[in-house]
Structures are given as structure tokens and as C-alpha cells.
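Residue numbers (UniProt numbering): 1 to 705. Backbone N, C-alpha and C fix where the C-beta goes; we use that ideal spot for every residue, glycine too. Step one of this worksheet: look at the structure below.
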Ligand SMILES: C[S@@+](CC[C@H](N)C(=O)[O-])C[C@H]1O[C@@H](n2cnc3c(N)ncnc32)[C@H](O)[C@@H]1O
């Protein structure tokens with residue numbers, strides 16, 4: 001089903017409606033795909049899988065009709081733990097990606113287990129610290145946030161750059177030897193009848209580009225095929241509803257269902273009892289999830305008499321939380337973002353590592369030269385896709401990709417594909433003055449420096465001084481000569497310095513887009529974290545806007561990005577900025593793919609221009625969850641006296657007049673004294689007694705990226 005959901009984001013609906021919508025999808029088909037995943041050990045291009053599934057209708061899966069056996073549970077978490085240990089962190093960056101090279105068995109076990117039954121009890125969920133948070137007046141509601149400034153945030157965050165020395169691979173089979181999915185199939189301009197034959201031939205430098213295009217084209221065709229199948233299936237379902245009935249019969253009567261009792265949703269009491277007894281076994285959870293998805297897909301017809309939709313939803317969320325190891329709060333929050341069956345795809349995608357990608361540093365080399373050099377060292381790679389001319393996706397390597405001579409010489413950056421996107425959107429030009437407001441460890445800074453061909457100046461700022469060390473190291477390694485590193489709280493801009501042609505705010509965030517890299521997010525985020533982060537992001541975005549020179553001859557742009565999929569950290573922040581700064585407008589990001597941002601979400605209505613923002617998802621684009629918005633900043637103008645900010649997006653303003661900002665509301669976000677107090681504390685300076693009481697109640701939030 002995930003493929004069907006691709007490119008098809010409707011406005012999110014209330015949960016009930018969402019579930020009704022899911023009814024149009026076939027749960028068992030989703031399951032079949034999973035079975036194939038499991039069989040193959042690693043994700044392949046999704047569109048291809050759809051075909052394989054068709055050819056192998058007997059696949060056995062959790063969400064499909066399927067007897068499940070083999071190793072169950074959460075092998076994924078095991079695999080991840082092992083990988084984390086295996087890789088070495090370099091220059092303060094995060095370990096990621098090349099951990100795949102080892103632990104082949106773990107990953108295969110994980111893939112097998114995703115939708116297969118087992119009697120092996122699951123490994124426990126991830127353990128993470130719940131931050132001790134306190135913020136006077138903090139509430140999920142936007143307006144309540146304005147009651148007071150955020151007190152204190154732990155500014156440490158993980159990186160989306162993959163600054164690692166990959167696992168030693170010699171003599172070991174890479175987990176990636178089963179070629180992972182290409183990133184975002186976007187091209188549709190190439191078609192070759194013999195491409196199937198060519199697919200098995202080795203990738204060489206000579207055929208690399210052509211192969212990549214052919215794969216993109218093929219994936220697009222397959223996605224179209226899937227979409228067609230989906231439409232047909234929906235049509236068939238709408239016609240007589242037999243689709244779902246057939247599943248029921250097969251489930252209960254077919255060979256897969258032999259010996260299984262008919263499914264019955266437990267009552268609230270039974271669930272309580274189950275919890276008391278240590279929770280259900282994995283087999284039960286798997287089966288229940290499969291059944292709940294199926295019933296919610298055609299509720300009217302399949303629901304047991306007297307049972308409500310919300311009972312099924314609650315059961316499903318609770319099972320998702322236990323099966324994938326999330327806390328209930330986050331499981332529900334993420335679940336709400338998607339139609340039911342697609343939500344499962346999202347959770348599944350978080351269990352699989354994203355492709356390893358590198359960015360060519362054009363200050364030192366050209367992509368073709370780099371590719372050739374790495375191919376000569378036994379690295380199997382391809383260009384990422386049409387949308388970037390500097391990215392390479394690494395499929396397999398017999399050498400550690402974070403320690404090759406080319407790496408050490410700064411010819412490339414190990415960098416997640418998603419983190420190319422904000423820089424592409426910002427598009428800094430030679431000779432400009434650019435601010436990277438939250439820049440460590442510098443993946444995007446160094447990318448910008450390269451696009452500017454080492455001219456002009458990039459101010460690379462990060463509030464976390466420790467992290468600026470890895471930033472500086474990367475700047476040196478990659479030969480960037482136009483970068484100034486500084487360490488201020490972003491909220492001190494533009495007082496520190498302003499008037500930039502372009503500003504990038506790659507904001508500290510919850511990291512809900514990078515759960516496959518950092519599983520601790522599954523359990524260490526609470527409602528309050530999102531409130532606090534959203535609050536900080538709102539403060540930062542106003543400062544970022546005010547740091548842009550509206551009169552810039554070449555620019556006047558701000559890009560806001562996060563590696564979070566949460567609406568509070570994305571659309572809500574952008575909408576807030578539009579309301580508070582009527583001199584800014586959203587413009588097209590220039591990115592060729594990505595789903596459009598929400599203009600409505602669970603009762604909230606955002607500025608309709610939010611449709612210009614872009615969302616990226618692991619299960620759709622095979623890259624980290626990411627959000628990108630681009631603003632054009634104009635000169636400030638003033639509303640006529642008496643004209644009110646409507647609160648519905650940018651207020652109407654009259655050219656030539658100075659806009660009076662809503663200073664009361666801004667004050668809460670822009671309390672510089674408070675920011676200074678926090679800085680003093682962070683630097684270990686003595687805070688005057690009268691300020692202490694405030695700080696003692698300061699909350700902390702762990703922000704990752
Ligand atoms: C998403 S990461 C940045 C990744 C970086 N842009 C890159 O591409 O390598 C977010 C960064 O924001 C920093 N940060 C957190 N709070 C900040 C603040 N108030 N002002 C400036 N930087 C902050 C964190 O230290 C972290 O390095």
C-alpha cells in the first residue's frame with residue numbers, strides 16, 4: 001500500500017476519517033510486500049516489490065494473510081544496537097550508514113521478523129531518558145506558547161551528516177550487497193527494453209549515469225503500474241466489497257489460517273489483564289495488527305458488532321507501540337500523520353537503514369573523478385538521481401567509506417541525501433553573505449561554501465560550542481576558505497550581525513524523521529518536548545527572518561528545514577512566521593519532488609501557501625523524514641492604524657509603510673534577557689541571584705537532527 005500512498009497526500013483528516021480512507025486499501029497486499037521484504041533481507045525498490053508480490057501470492061506476512069513463523073520480534077533494534085557499537089564516530093559526527101557493512105545476519109533476521117510469526121519473545125523497546133521538562137504556561141496550543149519564553153534547552157543534537165568511519169568490511173559481506181532501494185524514483189524520461197538484462201551487469205563508471213536513469217525510469221513506470229492496480233482495486237472494492245471478504249475467507253479457511261481461531265478484538269478488561277501478565281506474545285500482536293488494519297480498511301463490513309472504530313484504532317496504536325518499541329504517545333502522534341496502512345509502512349521504514357550517500361566536494365574534485373577513484377577501490381556506487389549532480393549512493397564497499405584517502409583529502413562528505421535538499425532550495429550564489437544559523441557539524445555549510453565556489457562569506461553558527469569543533473574540522477578538511485565559525489544562540493541574531501543575502505535555519509528538532517538512525521527518539525519524546533521545540537523553532541525563525549537583508553540584490557531568502565515529520569515543528573512554525581512577519585512570503589523550494597506541506601491538519605488551518613513547502617518521508621522517498629520551506633523576505637511595511645493581524649497567514653500590508661509587529665506576542669519569543677541568562681548559565685558564569693529562580697525551573701529538551 002505504501003506505494004499507493006506515494007505522491008497521494010491528501011489533507012490529513014480526523015482519525016476516524018483517516019481510517020475510513022484506509023479501507024480503500026488492501027491490508028493483505030501490504031502484508032505481501034512485507035513478506036517479500038523479509039524474504040529478501042533488505043528493502044528493494046518498492047515498485048518492484050509490488051510485482052514480485054503479484055507473482056507470489058502465497059507470501060506469508062503479518063498484515064497479509066499469512067502464517068508467520070521464523071524469528072520474530074524486534075530484531076531490528078538488536079541490529080541497530082550492534083551497528084551503533086560497530087561504527088566509530090569521527091569528528092563528532094554520528095555513526096551511521098556503514099554500520100550496515102557488518103551484522104548481515106542481524107539485519108536479515110530483522111527483515112525476516114518484521115511480518116513473520118515467532119515464538120521468540122521480542123527484545124524490549126528502546127530505553128531513553130525522559131527529559132525533565134517544565135515550562136510555565138507551555139501548552140500544545142500555539143497561543144499559549146506566547147505566555148512565556150522557553151527557559152532552557154539542551155542544545156545538543158545529533159547530526160544528519162554521516163561523519164563516520166564505517167565498519168571494517170574486509171572479508172565480510174556487506175549488508176548492502178543486496179542492493180538497497182534507489183532514492184526517490186523521479187525520472188520518467190528514459191525507457192529501455194533491454195534494461196532488465198542490463199540490470200545484472202556490473203556497475204562501471206561508464207554505465208553508471210545511464211544505469212541510474214534507467215532505474216529511475218523503471219521505478220516510475222512501476223509506480224504508475226502500482227497506482228493503476230490500486231485504482232482498480234479501489235474500484236473493485238467500491239463495487240461490491242468482495243475484495244475484503246476474500247481476504248477474510250482466505251485468512252480463516254485457507255492453509256494460512258489453519259488452526260487459528262477467528263480474530264476477536266479484546267475488550268478493555270482483557271487488554272488490562274493482558275498488560276498485567278506482561279503483554280501479549282509477538283504472534284498475537286502481529287496477528288492483531290494485521291486484523292485491525294484489515295478491519296479499519298473496511299470498517300462497515302468487517303467490524304465486529306458493537307465494537308467501535310476507535311476501539312480498533314486504540315488496539316492498533318497500542319500494538320504498534322509495543323511491536324516497534326515506541327512510547328504510546330509518539331506511536332499515536334506518528335500514526336495520525338498517515339492513513340492506516342501507510343502508517344504501518346512508515347513505522348516499517350523506520351526499522352530499515354537509509355541508503356549510504358556521499359556528497360562530492362566540488363571545491364576539491366568532480367563527481368566523475370571521485371566516482372572513478374572510489375570504484376577503483378572497490379566501491380559500488382551510482383549517482384543518487386537527477387535532482388543532484390554531486391550526490392552518489394554507495395551500495396557496497398570493500399573499504400571503509402569514511403576513511404579512504406579521498407575522504408581524508410576532503411573529496412567528499414558522508415551526508416544523508418535529505419540534507420542536500422535545504423541547500424539546493426536556498427541556492428546560495430557566489431559572492432553572497434550567507435548565514436547558517438545552526439550549522440554543526442557542517443554538512444550544509446560546506447555544501448554552501450562549494451556552491452559559492454569559495455567566494456563571499458558563510459557565517460557558520462552553532463550554539464553548541466563543542467559541536468563547532470567538528471564543524472571546523474569539516475570546513476578544513478573540505479577546503480572551505482569562505483567560512484567564519486561562530487557560536488551564538490541563534491536567537492541573538494541579527495543583533496550579532498545581520499543583513500545576509502540568504503539564511504539557512506536547519507533547526508534543532510525532535511528527529512522524528514531520523515528514527516532509523518536514532519531509535520532513542522522512539523521513547524524519549526513527550527508532548528512537552530514537542531511544545532518546547534516548537535517554541536524554540538518559532539523564536540529562531542523570527543530571528544532568521546530578521547537577519548535577511550530584504551534589499552539584497554541577489555537574494556533575500558530564508559530556508560527553514562528540520563529532520564522532523566511533526567506538524568508542530570514544521571507547518572505550525574512556518575505559519576507562525578508568516579503571521580508574525582508580514583514582510584515574508586513562502587516561495588517555491590525549487591525541489592522537484594516531495595509531498596506538499598499540510599495546509600490543514602487535525603482541525604488546524606494554516607496559510608494556504610504552506611502547499612509550497614515540501615515533506616520527505618522514509619517510506620516514500622527512501623530518505624530521512626525531512627521538511628523544507630523557502631521564504632522571500634521583503635522590506636518591512638506598516639499596516640494602517642487600526643488594521644488587525646487576522647491571524648490567518650500574512651496580514652495585509654500597505655507598501656511603503658512600516659509594519660508595526662505585534663510586539664507583545666513577539667516579546668515572549670524574543671526575550672533577549674532570558675536568552676542571555678541562559679547563555680551565562682551554559683558558559684558556567686555566575687547568574688545573578690534574582691535571575692536564578694527562573695533558571696532553576698528551566699526545562700531541557702533533547703533536540704536531534
Ligand atoms: C539539525 S542540527 C544542524 C545540522 C547542520 N545544519 C548540518 O547540516 O550539519 C541542529 C543544530 O542546532 C544547534 N542548535 C540548537 N539550538 C540552537 C540555538 N538556539 N541556536 C543556534 N544553534 C542551535 C545544535 O547544536 C545543532 O548542531
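Notebook entry, point to check: Does the distance from the C-beta atom of residue 557 to that of residue 629 stay below 8 angstroms?
Noted result: no
Checklist line | Own chain, CB closer than 7 angstroms to residue 130, minus 5 neighbours either side, in chain order | finding: Caution applies to residue 130, whose pLDDT of 22 falls short of 50 and renders its modelled position unreliable; the value that the coordinates give is listed next. Taken in chain order, the residues that qualify are 524 and 526.
Margin query: Measuring only from the beta carbon, is residue 588 closer than 7 angstroms to any heavy atom that is part of ligand 1?
Written below: no
Check: Leaving out the 5 sequence neighbours to the left and right, which residues in its chain are closer than 6 angstroms to residue 617 when beta-carbon positions are compared?
Finding: 625
Margin query: What does the alpha-carbon distance come out to for the pair residue 321 and residue 606?
Written below: 30 angstroms
Notebook entry, point to check: How is the beta strand (DSSP E) around residue 383 delimited, first residue to last?
Noted result: 379-383
Margin query: Going by DSSP, what residue range makes up the beta strand (DSSP E) through residue 632?
Written below: 626-633
Item checked: Alpha carbon of residue 28 to alpha carbon of residue 277, nearest angstrom -> Note that residue 28 scores a pLDDT of 35, beneath 50, so its modelled location is shaky; the value from the coordinates is reported in the next line. Going from the Cα of residue 28 to the Cα of residue 277 covers about 30 angstroms.
Notebook entry, point to check: Just to confirm, does residue 437 get its C-beta within under 7 angstroms of one of the non-hydrogen atoms of ligand 1?
Noted result: yes
Check: What three-state label does DSSP hand residue 504 in the structure shown?
Finding: strand
Next item on the list: Under 8 angstroms by Cβ, that's how I've got residue 493 and residue 578 pegged, so tell me the actual separation to the nearest angstrom.
Entry: At roughly 19 angstroms, the Cβ-Cβ gap does not stay under 8 angstroms, so residue 493 and residue 578 are not in contact.
Checklist line | Pairwise C-alpha distance: residue 362 and residue 386 | finding: 17 angstroms
Notebook entry, point to check: Looking at residue 613 and residue 574, is the spacing between their C-beta atoms short of 8 angstroms?
Noted result: yes
Next item on the list: Determine which residues share a DSSP beta bridge with residue 616 and list them.
Entry: 626
Note to self: What would DSSP say about residue 326, mapped onto helix, strand or coil?
What the structure shows: coil
Next item on the list: Count the other C-beta atoms from every protein chain shown that fall within 10 angstroms of the C-beta of residue 351, then say buried if there are 16 or more, exposed otherwise.
Entry: buried
Item checked: Reference residue 266; option with closest CA among 314, 421, 358 and 370 -> 314
Notebook entry, point to check: residue 596: buried (16+ other C-beta within 10 angstroms of its C-beta) or exposed?
Noted result: exposed
Note to self: Within a Cβ cutoff of 6 angstroms, which residues of the same chain sit near residue 431, ignoring the five residues on either side of it in sequence?
What the structure shows: 455 and 456
Checklist line | Per DSSP, the bridge partner or partners of residue 299 | finding: The partner list for residue 299 (beta bridge, DSSP) is empty, contrary to what the question assumes.
Next item on the list: In the DSSP assignment, find the beta strand (DSSP E) that holds residue 742 and state where it starts and stops.
Entry: This structure does not reach residue 742, given that the chain is present from 1 up to 705, and the question cannot be answered.
Margin query: Restricting to Cα atoms, I'd like to know which of 416, 366 and 373 is closest to residue 451.
Written below: 366
Notebook entry, point to check: Using the rule of at least 16 other Cβ atoms within 10 Å of the residue's Cβ for burial, across every protein chain shown, is residue 405 buried or exposed?
Noted result: exposed
Note to self: Classify residue 511: buried if its beta carbon has 16 or more other beta carbons within 10 angstroms, exposed otherwise.
What the structure shows: buried
Check: Among residues of its own chain, excluding the 5 on either side of residue 408, which ones have a beta-carbon nearer than 8 angstroms to its beta-carbon?
Finding: 477
Check: My guess is that residue 550 and residue 635 are in contact by the Cβ rule of under 8 angstroms, so how many angstroms apart are they, rounded?
Finding: 4 angstroms
Notebook entry, point to check: Using the C-alpha atoms, what's the distance from residue 394 back to residue 268?
Noted result: 49 angstroms
Margin query: Going by beta-carbon coordinates alone, are residue 392 and residue 371 separated by less than 8 angstroms?
Written below: yes
Next item on the list: Please say whether residue 498 and residue 534 have beta carbons closer to each other than 8 angstroms?
Entry: no
Note to self: Give me, in chain order, the residues of the same chain whose beta-carbon lies closer than 6 angstroms to that of residue 288; leave out the 5 immediate sequence neighbours on both sides.
What the structure shows: 319
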